[in-house]
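Structure first, commentary second.
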Amino acid sequence: MSMGDVGQDPKTLLGRLGLIPFEQAMALEERLRRLRYERGIPDTILIMEHPPTITMGRFGQTDNILLSPEELDRRGIALAHTNRGGDVTIHTRGQLVFHVVMDLRCRNSPLRGFITDLEEVALRTLAYYGVVAGRWDEHPGLWVEGRQVVAIGLHLGQGISSHGLSLNVDPDLSTFGVINLCGLPGREATSIARELGYPVDIKHVARTLAATFAEVFRRELTPVSLANLTKRVAGAATPKGI
Amino acid sequence: VYSPFDSYPPLLEERYGCTASVAADRWYTDDHLWVKEWEEGKIVIGITDKMQSLLSTVTYCGFMFEEEMVADRGAIFAAVGAYKLSTDIIVPVSGKVLQINTALRTFPYVLNAFPYSEGWLAVMMPTRTQEMGDLIGPHYYAYLQAVNIPPTVPPKRS
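So the protein sequences, as listed, match chains A and B. When you line the first sequence up against our numbering, it's residues 468 to 709, in that order. When you line the second sequence up against our numbering, it's residues 66 to 223, in that order.
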C-alpha cells in the first residue's frame, strides 16, 4: 500500500465542526482549499454532520432523486449541487462526513491510490467496531453484503483535494430511500448501528476515524475548533498593508 | 479547424528522469496543462501525459465554456472525472474560445490515449498575450515532474 506521501509535512489540522449546514461547510471548505493552495495552512481534515441534504456530484443525473422538489421541501431536505465526482448522495444526522483538504500537487502515483487509501481509513474504522465491509469494483465506496455503508466523492482543484467520504453511523435509514444511492437503483444503505444491532456513539466513531486517518496517512493531527478555523480563513482574506 | 493529425508531437528526448512523456513543441503550466502556439496567434490547450496518468481512466469530460465565450485565466474551463474524482481544468491563458473538442464528451478516454494530439481541449485566441510569458518550457516542466517538488514560482491568484 502506498500509505501517505513520503516527504509530506505530517502536520495536519483536524476540524471538528459538529452539526453544520452543508452550504456553510462548503463555503468554509472552499476557502480552506484556496488557503491550502497558497500554502497558508497545512493539510486539513474536517469531520462533521449535516442536516438532511441531498448533494449532486458533477456527473450526477437528476432522475436519481426520486422525489419532486416540492416533496423534498415538505420533508425538509435541502438540495445542493457540488463539484465533486460521483453521482447523488444524501447527508443526514447520524452520518459522519469526513472531508480532506490536502495538497496532492507532489503526488506521482495515480490519484486512485489516494481514494483507495481513504477507503482504507473507513474500512479500518468499521473493522474497529466489528463491521466487515468491502470494496466493490466500479462502485467506489464500501459495502456490506451489497448495502452501502460508506459513500465517496472527491474534487481536485489546482492540485488540492476537497470533499471526501460519508460514513453511516446511526442515521435514519429511511431517509436514503429518496435517492438512487450513487446512481444505482434498488440499492439500500446500511449503518454501523444496523449491522451491529445496537446504537454506537457518533463522537466515539469520529475520534476513531480521525485516529485511523492519522495511522493510515502517517499524520500528526492538531484539533482546531470551528471558530479558530473561521478566524484563520477570515484573517487570510484581509489584504495585507491595510 | 484544428486537426492534430497534421503532426504527432515531437517528444523530449532528455526527460531528466521524468516518467511521463513531455511534448517538446509547446508550453506548460504547473498544474499539468499544455499550451501550443498554432497559426495566426491562436493557441491550443490540453492536459499533459502526467495528468492523464494521475487521473487513470477518464470517464467524464464536461466543458464550462462554449465557443465564442471569453475565458479569463484562473476560471474553471472544464471538469474531467475519473473514478469518483472530479478535477478542474483551469484556463491557462485568458482568451476567446474558438473551438472546443466536443468529441471528448462522448469519448473522454481519448484524453488517456492521446493527451498531446487527439485529446486537445480547445483552441483559443489569447486576449492578454503577456500571460504566455508565465508558462514554463518543456524542459523545466519535465524537470519539475522528475524532482517532484512543488514549483517555486508563486501560485497565481485567480
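All residues carry an ideal CB built from backbone N, CA and C; glycine is no exception.
>> Just to make sure I have the definition right: I need the residues of chain A whose C-beta is within less than 9 Å of the C-beta of B/Leu200. Which are they?
In response: On the second sequence, residue 200 of chain B is found 135 positions in, with the first residue counted as 1. Under the 9 Å cutoff, chain A gives no residues; its nearest Cβ is about 16 Å from B/Leu200.
> Going straight from the alpha carbon of B/Asp137 to that of B/Gly160, what length do you get?
Replying inline: On the second sequence, residue 137 of chain B is found 72 positions in, with the first residue counted as 1. On the second sequence, residue 160 of chain B is found 95 positions in, with the first residue counted as 1. If I take the Cα positions, the gap works out to 6 Å.
> Taking the alpha helix (DSSP H) that A/Met493 falls in, what are its first and last residues?
Replying inline: Residue numbering aside, residue 493 of chain A sits at position 26 when the first sequence is read from its first letter. Element bounds for A/Met493: Phe489 to Tyr504.
> Which residues in the same chain as B/Asp90 place their Cβ atom closer than 7 Å to its Cβ, once the five residues preceding and following it in sequence are excluded?
Replying inline: Taking the first residue of the second sequence as 1, we reach residue 90 of chain B at position 25. Apart from sequence neighbours up to five positions away, the residues of its chain that approach B/Asp90 with a beta-carbon distance below 7 Å are Pro74, Pro75 and Lys101, ordered along the chain.
> Are the CB atoms of B/Tyr205 and B/Val87 nearer to each other than 7 Å?
Replying inline: Here the question's residue 205 of chain B lines up with position 140 in the second sequence. Here the question's residue 87 of chain B lines up with position 22 in the second sequence. Taking 7 Å as the cut-off, the beta carbon of B/Tyr205 is found no closer than this to the beta carbon of B/Val87.
> Which two residues bound the contiguous beta strand (DSSP E) that contains B/Lys149?
Replying inline: Here residue 149 of chain B corresponds to residue number 84 of the second sequence, with the count starting at 1. Counting along the chain, B/Lys149 falls outside any beta strand (DSSP E), and DSSP gives it neither H nor E.
> Should B/Ala85 be flagged as near chain A, meaning a C-beta pair shorter than 7 Å?
Replying inline: Here residue 85 of chain B refers to the residue found at position 20 of the second sequence. Contact of B/Ala85 with chain A is not assigned, every C-beta pair being separated by 7 Å or more.
>> Within a Cβ cutoff of 8 Å, which residues of the same chain sit near B/Pro182, ignoring the five residues on either side of it in sequence?
In response: The residue labelled residue 182 of chain B in the question sits at position 117 within the second sequence. A quick correction: the sequence has Ser, not Pro, at residue 182 of chain B. Contacts found: Pro69, Phe70, Tyr73 and Pro74.
> What is the C-beta distance between B/Met189 and B/Gly106, in whole angstroms, given that I count them as a contact (C-beta under 8 Å)?
Replying inline: As a first step, residue 189 of chain B is located in the second sequence; it is residue number 124 there, counting from the start. As a first step, residue 106 of chain B is located in the second sequence; it is residue number 41 there, counting from the start. About 10 Å separates the two Cβ atoms, so there is no contact after all.
> Where does the unbroken beta strand (DSSP E) through A/Ile512 begin, and where does it stop?
Replying inline: If you number the first sequence from 1, residue 512 of chain A lands on position 45. Residues Asp510 to Glu516.
>> Given this structure, state the Cα-to-Cα distance separating A/Ala492 from A/His548, to the nearest angstrom.
In response: By one-based count along the first sequence, residue 492 of chain A stands at place 25. By one-based count along the first sequence, residue 548 of chain A stands at place 81. A/Ala492 and A/His548 have their C-alpha atoms some 13 Å from each other.
>> Please state the DSSP three-state secondary structure of B/Pro203.
In response: By one-based count along the second sequence, residue 203 of chain B stands at place 138. Helix.
>> Which residues in chain A have a C-beta closer than 7 Å to the C-beta of B/Tyr148? List them in chain order.
In response: Within the second sequence, residue 148 of chain B is the residue found at index 83, counting from 1. Here the neighbours are Arg579, Ile582 and Pro607.
> Residue range of the alpha helix (DSSP H) that A/Val672 falls in?
Replying inline: Stepping through the first sequence from its first residue, residue 672 of chain A is reached at position 205. From DSSP, the alpha helix (DSSP H) with A/Val672 extends over Ile669 to Phe684.
> Considering only the beta carbon of each residue, do A/Ile659 and A/Val636 sit closer than 7 Å?
Replying inline: If you number the first sequence from 1, residue 659 of chain A lands on position 192. If you number the first sequence from 1, residue 636 of chain A lands on position 169. Against a cut-off of 7 Å, the Cβ pair of A/Val636 and A/Ile659 comes out as a contact.
> How is the beta strand (DSSP E) around A/Phe581 delimited, first residue to last?
Replying inline: Within the first sequence, the letter at position 114 stands for residue 581 of chain A. Per DSSP, A/Phe581 is not a residue of any beta strand (DSSP E); the alpha helix (DSSP H) it occupies stretches across Leu578 to Tyr595.
> Using 7 Å as the limit for Cβ to Cβ distance, is B/Ala207 near chain A?
Replying inline: Counting from one through the second sequence, the residue named residue 207 of chain B turns up at place 142. Answer no: the Cβ-Cβ gap between B/Ala207 and chain A never drops below 7 Å.
>> Give me the chain B residues within the contact set of A/Ile619, using Cβ-Cβ distance strictly less than 8 Å, ordered along the chain.
In response: Here residue 619 of chain A refers to the residue found at position 152 of the first sequence. Those are Lys149, listed as they occur along chain B.
>> Quick check: what's the CA-CA separation for A/Leu696 versus A/Arg483?
In response: Against the first sequence, residue 696 of chain A aligns to sequence position 229. Against the first sequence, residue 483 of chain A aligns to sequence position 16. If I take the Cα positions, the gap works out to 10 Å.
> Can you round the beta-carbon distance between B/Ile118 and B/Tyr148 to whole angstroms, since I take them to be within the 8 Å contact cut?
Replying inline: Translated into the one-based positions of the second sequence, residue 118 of chain B becomes position 53. Translated into the one-based positions of the second sequence, residue 148 of chain B becomes position 83. In the sequence as presented, Ile is not what sits at residue 118 of chain B; that position holds Ser. Contact flag wrong, Cβ pair sits at about 13 Å.
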